[in-house]
Amino acid sequence: MVNKTVFCFRHKRHALIALFSASLTFGAEAQVPPSNDAAKKPPQPAAHGPTLESAIEAATAAVDACSEKDQHAGVSIVDSAGVLKVLLAADGTSERGVLSSTNKAITALNFKTATSELFKRQESDKDFAKQIAENPRFNARPGGVLLKVGDEIIGAIGVGGAKIDEECALAGIDKIEPRAK
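Number 1198 marks the last residue of the sequence shown (the numbering used here); no jumps.
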């Protein structure tokens, strides 16, 4: 009886060793480096956008403009590809204000116009209003404004959480606009 138990244990041990060896072999095959074709792809061109320094300056000016009127706001700045460059939130800003600032910037960039114009359009164009409502990344309430150099769109600023969002966004743009031309 004892020998039979030892015999079964040895077979289980061999089975475990075989499984372990197989897992090492198959794991190694799953980690094959990418082909040279993938390595030869050219890098994505950089998006146009405000410099980080300018984006921080504009966002700070927008937060300050809201704070001067006792409004707590979040401010987001995205580049021309919609990539978030800066996100600032004044003390006391709600989570909703922070999220809406980013969504307003993305919405302005996507539709290539200020969200205050889109807000007006929603009232008369129900299909457009539905399109906005169906995308959780869109927010067509006032506060999203394009950043431009001449006619070129380089990004957008979005302000959320205050009653004067667009006024604050414009204050941010005014701070950097003279140097952007």
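The beta-carbon is built from N, C-alpha and C at its ideal position, and this holds for glycine as well.
Bear in mind the structure is a predicted one, so any value in this text is a computation, not a measurement.
7 angstroms Cβ shell around residue i - same chain, five flanking residues per side excluded
| i | result |
| --- | --- |
| Thr-1042 | Any reading at Thr-1042 needs caution, since the residue's pLDDT is 46, under 50, leaving its predicted position unreliable; the model's value is listed next. Around Thr-1042: no qualifying Cβ. |
| Ala-1150 | none |
| Gly-1066 | Asp-1096, Ser-1097, Lys-1102, Ile-1171 and Gly-1172 |
| Thr-1077 | Leu-1105 |
Beta-carbon separation (whole angstroms), residue i vs residue j, contact threshold 8 angstroms
| i | j | result |
| --- | --- | --- |
| Gly-1114 | Gly-1099 | Gly-1114 to Gly-1099, Cβ: 20 angstroms. No contact. |
| Ala-1207 | Val-1080 | Summary: the structure shown does not reach residue 1207, with the chain confined to residues 1018 through 1198, and so no result is reported for it. |
| Ala-1131 | Gly-1161 | 6 angstroms |
| Leu-1105 | Thr-1119 | Contact flag wrong, Cβ pair sits at about 11 angstroms. |
Three-way DSSP call (helix, strand, coil) for residue i in this model
| i | result |
| --- | --- |
| Ser-1070 | Reading the sequence as shown, one finds Glu at residue 1070 and not Ser. Three-state result, Glu-1070: helix. |
| Ala-1150 | helix |
| Lys-1180 | coil |
| Lys-1129 | coil |
| Ser-1093 | strand |
| Glu-1046 | Residue confidence for Glu-1046 is low, a pLDDT of 48 falling below 50, so the modelled location carries little weight; the figure read from the coordinates is stated next. Looking at Glu-1046 - three-state DSSP - the assignment turns out to be helix. |
| Gly-1175 | strand |
| Glu-1194 | helix |
| Gly-1161 | strand |
Residue of the options minimising C-alpha distance to residue i
| i | options | result |
| --- | --- | --- |
| Glu-1112 | Leu-1069, Asp-1142 and Ser-1093 | Ser-1093 |
| Asp-1096 | Ile-1073, Glu-1085 and Glu-1134 | Ile-1073 |
| Ala-1064 | Leu-1187, Ala-1179, Ala-1173 and Asp-1191 | Ala-1173 |
| Glu-1140 | Arg-1154, Pro-1153, Arg-1158 and Ala-1125 | Arg-1158 |
| Glu-1194 | Gly-1177, Val-1166 and Ile-1181 | Val-1166 |
| Lys-1156 | Gly-1177, Asp-1087, Gln-1088 and Ala-1078 | Residue 1156 is actually Asn in this sequence, not Lys. Of Gly-1177, Asp-1087, Gln-1088 and Ala-1078, the residue nearest in Cα terms is Gly-1177. |
| Asp-1191 | Arg-1138, Asn-1152 and Leu-1163 | Leu-1163 |
| Glu-1169 | Ser-1071, Phe-1145 and Leu-1126 | Leu-1126 |
| Pro-1153 | Glu-1085, Ile-1181, Gln-1088 and Ser-1117 | Ser-1117 |
| Thr-1124 | Thr-1110, Gly-1109 and Phe-1145 | Phe-1145 |
| Gly-1109 | Lys-1129, Asp-1087 and Phe-1128 | Asp-1087 |
| Gly-1189 | Ala-1075, Glu-1085 and Glu-1134 | Ala-1075 |
Contacts around residue i, its chain only, beta-carbon distance under 6 angstroms, and the 5 residues preceding and following it disregarded
| i | result |
| --- | --- |
| Cys-1083 | Ala-1090, Ala-1179 and Cys-1185 |
| Ser-1040 | At Ser-1040 the pLDDT is 48, less than 50, meaning the model places this residue with poor confidence; the figure from the coordinates comes in the next sentence. No residues qualify anywhere along the chain. |
| Ala-1047 | Residue placement at Ala-1047 is flagged as unreliable, the pLDDT there being 49, under the threshold of 50; a coordinate-derived value is accordingly withheld. |
| Leu-1187 | none |
| Asp-1182 | Pro-1159, Gly-1160 and Val-1176 |
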